Every structure is written in structure tokens, then in C-alpha cells.
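Visitor: Residue numbers (the numbering used here): 11 to 466.
I'd like to ask you about the structure that follows.
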Amino acid sequence: RPQSWKWQESSKVHRQKFIQLIEYGREHPEDIKEINGVRVCFEKKFCIGSGSDGTRVYVGLGNDGVERAVKRMRKDACAWSAEHEKQVLSKHKASESTYVVNYWFLDEKSDKEDLFLILDLCEETLKDFVHRSSLQDLVAIAPDIIKHVLQGLADLHRGSMPILHRDLKPSNILRNVQGNWLLADFGNSRISKRDASTVLTYQKGTKDWIAVETYPKEGISDDGKVLYRKESDIQVAGMVAFYIMTNGEHPFGAEADRLRNLLDDNAVNLDMVDDSSAKDLISWMLRHDSKARPSAEEALKHPYLQPQEQQFQMLCKIGNQPEVKKLDSNCDVVHKLNNNRKNWKTLMRADVLKYLCTDIVNGKPRTYSYNSSWTECLRLIRNVNEHWHDRPRWKPQPEAFYIVGDPQEYFLNLFPNLPVEVHRIVRTCDWRERNELRKFFGKGMFFILVKQCAWR
Numbered sequence: 011r012p013q014s015w016k017w018q019e020s021s022k023v024h025r026q027k028f029i030q031l032i033e034y035g036r037e038h039p040e041d042i043k044e045i046n047g048v049r050v051c052f053e054k055k056f057c058i059g060s061g062s063d064g065t066r067v068y069v070g071l072g073n074d075g076v077e078r079a080v081k082r083m084r085k086d087a088c089a090w091s092a093e094h095e096k097q098v099l100s101k102h103k104a105s106e107s108t109y110v111v112n113y114w115f116l117d118e119k120s121d122k123e124d125l126f127l128i129l130d131l132c133e134e135t136l137k138d139f140v141h142r143s144s145l146q147d148l149v150a151i152a153p154d155i156i157k158h159v160l161q162g163l164a165d166l167h168r169g170s171m172p173i174l175h176r177d178l179k180p181s182n183i184l185r186n187v188q189g190n191w192l193l194a195d196f197g198n199s200r201i202s203k204r205d206a207s208t209v210l211t212y213q214k215g216t217k218d219w220i221a222v223e224t225y226p227k228e229g230i231s232d233d234g235k236v237l238y239r240k241e242s243d244i245q246v247a248g249m250v251a252f253y254i255m256t257n258g259e260h261p262f263g264a265e266a267d268r269l270r271n272l273l274d275d276n277a278v279n280l281d282m283v284d285d286s287s288a289k290d291l292i293s294w295m296l297r298h299d300s301k302a303r304p305s306a307e308e309a310l311k312h313p314y315l316q317p318q319e320q321q322f323q324m325l326c327k328i329g330n331q332p333e334v335k336k337l338d339s340n341c342d343v344v345h346k347l348n349n350n351r352k353n354w355k356t357l358m359r360a361d362v363l364k365y366l367c368t369d370i371v372n373g374k375p376r377t378y379s380y381n382s383s384w385t386e387c388l389r390l391i392r393n394v395n396e397h398w399h400d401r402p403r404w405k406p407q408p409e410a411f412y413i414v415g416d417p418q419e420y421f422l423n424l425f426p427n428l429p430v431e432v433h434r435i436v437r438t439c440d441w442r443e444r445n446e447l448r449k450f451f452g453k454g455m456f457f458i459l460v461k462q463c464a465w466r
């Protein structure tokens, strides 16, 4: 009697393979292997991916009709890593993450030579996605992909026993049918000991996708082991972010020079990223000193990955700090904010500036004076946002009113680089720990040299 096959169609990329699997399974049931309720055929035409040591990934179909991926690994080469991957993916912080591939079952007993890991099915790797996409499309979608990667790392790194991925690369980041990007392939990962900031172990990872401190040049022990940190994953995530933004390029240059450039802290290709905010985030993640890199949670708070509303609120909150109100010249943050000597007022129409500096007090117009410093610009932004809806609604309004329209949109278009420059300065000082500012910067503190540049 022909086998009954249920199928809940989901995948678009692998749809044809499932049609073929069902047809083949009905005609050749003897070639179908069932693993914990998932049917799979190890014919080449059902293979959707391959890895090292003979690892292959095949489409599988559950008896409940749900599509799965079945990872077939050689016992003699992969027994330890398969068991380890199962343990890592079973950990609460991994299994509960929306951005980590979901583990279902490991079969170590049904075959003498192979073992089988059942996972959620995904559509494609980031590597394949980048190669088939245009640069324009990648730049548009890059913030979403980078956010998903960082959220996956944030979930893994959270808590007193963080999980270090240690093999992040474009082929280990997968898109599911819902469009989320998931971290995958945890055979080289490590679970840190409680409250440990580093893991001392033999070097793992893939050539070109390894953090600088995990090369033997730095952090090496007498037995050839190297130090891995959560920040090691962050530097490689920076390489991945650059790869997305540049349609497959590497920040440290051509393959022949890549290792030397990495060890010399020479990201030769960084200027290939045109977006100044994206460039700031990537360069932060690529820092040579691992302690100067952001955590995944901090990177997620970067203006490049935040909506305009969040960016604008940060500017308003900075503009409302006591030192900014008082123009405290002895404050280091105020000094850094004002290091740019460009007069921001010259970027505004004179009539618009006058309109924004004028309030109605007791029925009479009163004009306030703002100097050319950037802290005064932040103060104006804060005041306009705070009192915009308090203004009289006479009709017709002056032309300046319609030019501004929405203060958030107006100021962010006028000063597009202001959020990232303010963020760059404040993230290096203790202001970031203030209650009203903490939500814009995430957890942790970094005191690094701030490079100043023009805000427009």
C-alpha cells in the first residue's frame, strides 16, 4: 500500500524538492529513512547544502507534514561536534531565540556510520542571498539583516554563562521562510564557565572570518590555545555587516593580504561603505582592541539600526542635559560636542531660524538667542520639539511653519549625521549611564579615543 504523505507547504525555494521527495517516496519507499518521525532520502537531488568532513543537509518531511532540514554527519569526524551542537541549541537562551536556528532531534543510534541532526528548514544562506542580490537592494535591507544577526548574538551572549558562536560567517547565517535571519552551525561554539569573560581553547572558525585576538599572534598560551570572548563574535559580525553592505567584499581587503591587514588593524576597504552611520557602526565592531568593541546589545542601539523617532529623541534628551543647558565649558562632553567649528545656523534659512527661535509670551513674540555651538543646536532641537504643538495656530501660518512641517523630519534631514556623531561621543562617557539616556546606548561602558568629523 502506498505511503501516506502529509505536506504543509511553506518553503518557496525548496518546494520542487518536496514535490520530488513525495513522488519518489511513494514509488521507492525502501529508499526512505524515517528519523524521529521525519522522512528523508539521501539521494543527491534532495541535498540542499554541504559542509566540512562530508556533512550534507537534506530536505526532510515530518509525518505531521512540517518541512524540516536533516543534517547528515560522519560519526568518525563529527560525533563530538554533533553532540555539542545539540547541547548548545538545547540551551534555553538558544532554543528561545527567534534568531537562532531551532534544533529538534539528534539521532546517534540508527546508523553505524552516520548521525542525523534535525533542524528547522531555512530558505538560503546569507552568502547565496548576497551573491544573487544587487548592491542597491542589499544596502536597503542591510539594517534588518544586521539587526537579526546582532539580536541572535545578544540572545546567545546574555547571562552569566554566555554562548560564544566562534564560527560566524555568511554561510552560517540562514533566512527562514518568514524572512528572519538565523544563526546556525554551532559545532564550534562554546558555553562559557559561569561569570568568565574569556574561553581558552584551541583556535576554531573559518579562514577570513576569525577575530584578530583568536589568531596565535595574540592571547596564545603555552599549549597553543587562544582566548575567545563575546567581543570576538562581534568583530566577525562587523565583517559580515561589511560583506552585506558591499555586495560580498571583505573589510580587510583581498584574500592574499587579508590576514596581514587584520593583524595590523588596517581595514583597507572601509571607505567602500558610503553611509557614514553604517561605517561608524562597522568600524566600532571591527576595533582591534576587543574591549573597545560594543556588546551585541550596544550595537543594536546604534543610530544606524534605530528608527528616526529614536534618533531624534536621543538628540532631544542630550539637548536637555544640565551641562548643555548651562553651556558648561568645563564639561568634557560639551567640549567634544562643540569641537566641530562649523556654524550650524548657516545651514538653515534665516527666516526659519528666526521663526523657531521665537515664542509667544503673554500674547507677544519673544525671540531667544542661540549661539553657533552644536550644543546650542541640540538645545534648539529639544526646545522646538518640546513646544512645537504649543504654538498658536493662526492661519495662514508663516512660510517657515510649512517648511519645518514635522520637526523630527526637518532636523534629521537638515543634520543627517548629527545622531551618529552625538552617539559616538556620548557612548564613550558616563552620560550613557544616566537614567534618561541609558535606553539609547545599551549595557556596558567603553572609554575610547573619539575621532571627530564634520556633522554634515
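All residues carry an ideal CB built from backbone N, CA and C; glycine is no exception.
Quantities reported herein were computed from a predicted structural model and do not represent experimental measurements.
1) Is it buried or exposed, G329, if we count other Cβ atoms within 10 angstroms and call 16 or more buried?
2) Excluding the 5 residues flanking V80 on each side, which residues of the same chain have their C-beta closer than 6 Å to its C-beta?
3) Using only CA atoms, which one of K217, F252, M171 and A309 lies nearest to V430?
4) If you scan the segment 346-384 from start to end, which runs of the beta strand (DSSP E) of 3 or more residues do you find wholly inside it?
5) Give me whichever residues DSSP pairs with V246 in a beta bridge.
6) Going straight from the alpha carbon of K217 to that of E265, what length do you get?
7) Could you check if L492 is buried or exposed, using at least 16 other CB atoms within 10 Å of its CB as the buried criterion?
8) With DSSP as the reference, identify every bridge partner of G162, one or two as the case may be.
9) Classify W90 as buried or exposed, calling it buried when 16 or more other Cβ atoms lie within 10 Å of its own Cβ.
10) Flag this pair as touching only if the segment 82-99 and the segment 54-68 have three or more C-beta atom pairs under 8 Å; answer yes or no.
11) How is the beta strand (DSSP E) around C88 delimited, first residue to last?
12) Return the Cβ separation of N350 and W384 in integer angstroms, given the expectation that the two are a contact with Cβ distance under 8 Å.
13) Looking at C-alpha atoms only, which residue of P408, G169 and V343 is the closest neighbour of V362?
14) Considering only the alpha carbon of each residue, which of D243, E259, H38 and K240 lies closest to D281?
15) Please report the residue range of the alpha helix (DSSP H) in which V236 lies.
16) In three-state DSSP terms, what is S14?
17) What residues match up with C57 in a beta bridge as DSSP calls it?
18) Between the alpha carbons of E228 and H345, how many angstroms are there, rounded?
19) Look up I155 in the DSSP assignment and say whether it is helix, strand or coil.
20) Short of 7 Å in beta carbon distance, which residues of its chain neighbour I230, apart from the five on each side in sequence? Order them along the chain.
21) N381: buried (16+ other C-beta within 10 angstroms of its C-beta) or exposed?
22) In this structure, what does DSSP give as the bridge partners for T438?
23) Would you mind working out which of A150, N348 and K240 sits nearest H167, comparing C-alpha positions?
24) Per DSSP, D117 is paired with what?
25) Specify, as a first and last residue, the run of the alpha helix (DSSP H) that K43 falls within.
Guide: Judging by the given coordinates:
1) Position 319 of the sequence shown, counting from 1, holds the residue named residue 329. Buried, since its Cβ has 16 or more Cβ neighbours within 10 Å.
2) Indexing the sequence shown from 1 puts residue 80 at position 70. Correct list, in chain order: V50, Y68, G70, F126 and I128.
3) As a first step, residue 430 must be located in the sequence shown, where it is residue number 420. Selected option, being the one with the closest Cα: A309.
4) 368-371 and 374-377
5) To locate residue 246, count along the sequence shown from 1; it is residue 236. Note: V246 sits in no beta bridge, so no partner.
6) Within the sequence shown, residue 217 is the residue found at index 207, counting from 1. Within the sequence shown, residue 265 is the residue found at index 255, counting from 1. If you take the alpha carbons of K217 and E265, they lie about 10 Å apart.
7) Past the boundaries of the shown model lies residue 492; the chain is included only from 11 to 466, so the question cannot be answered.
8) Along the sequence shown, one-based indexing puts residue 162 at 152. None; G162 has no bridge partner.
9) Here the question's residue 90 lines up with position 80 in the sequence shown. Exposed, because fewer than 16 other Cβ atoms sit within 10 Å of the Cβ of W90.
10) The segment 82-99 makes contact with the segment 54-68, as at least three CB pairs between them are under 8 Å.
11) Locating residue 88 in the sequence shown gives position 78, where the first residue counts as 1. For C88, no beta strand (DSSP E) encloses it; the enclosing alpha helix (DSSP H) starts and ends at K85 to S100.
12) Translated into the one-based positions of the sequence shown, residue 350 becomes position 340. Translated into the one-based positions of the sequence shown, residue 384 becomes position 374. The Cβ separation is near 6 Å, so the contact holds.
13) The residue you call residue 362 lines up with position 352 of the sequence shown. Per the Cα distances, P408.
14) Residue 281 sits at position 271 when you count from the first residue of the sequence shown. For D281, the nearest C-alpha among the options comes from E259.
15) Indexing the sequence shown from 1 puts residue 236 at position 226. Counting along the chain, V236 falls outside any alpha helix (DSSP H), though it belongs to the beta strand (DSSP E) covering V236 to R239.
16) Locating residue 14 in the sequence shown gives position 4, counting from the first residue. Three-state result, S14: coil.
17) Residue mapping note: residue 57 aligns to position 47 of the sequence shown, counting from 1. C57 is bridged to Y68.
18) The sequence position of residue 228 within the sequence shown is 218, counting from 1. The sequence position of residue 345 within the sequence shown is 335, counting from 1. Any reading at E228 needs caution, since the residue's pLDDT is 46, under 50, leaving its predicted position unreliable; the model's value is listed next. C-alpha of E228 to C-alpha of H345: approximately 36 Å in a straight line.
19) Within the sequence shown, residue 155 is the residue found at index 145, counting from 1. Assignment of I155 by DSSP, reduced to helix, strand and coil, places it in the helix class.
20) Reading the sequence shown from its first residue, position 220 is the one you call residue 230. Residue confidence is low: I230 scores 49 on pLDDT, short of 50, so the model does not pin down where it sits. Its coordinate-derived value is still stated next. Excluding sequence neighbours, I230 sits near V236.
21) For the purposes of this step, residue 381 is taken as residue 371 along the sequence shown, with counting starting at 1. The residue in question, N381, is exposed, as its Cβ has fewer than 16 Cβ neighbours within 10 Å.
22) As a working mapping, residue 438 is identified with position 428 in the sequence shown. Looking at the DSSP assignment, T438 forms no beta bridge with any residue, so it has no partner.
23) On the sequence shown, residue 167 is found 157 positions in, with the first residue counted as 1. When only C-alpha atoms are compared, the closest one is K240.
24) As a working note, residue 117 is residue 107 in the sequence shown. Paired residue(s): F126.
25) Start at 1 with the first residue of the sequence shown, and residue 43 comes out as number 33. Taken as a continuous stretch (DSSP letters only), K43 belongs to no alpha helix (DSSP H), being part of the beta strand (DSSP E) at K43 to I45.
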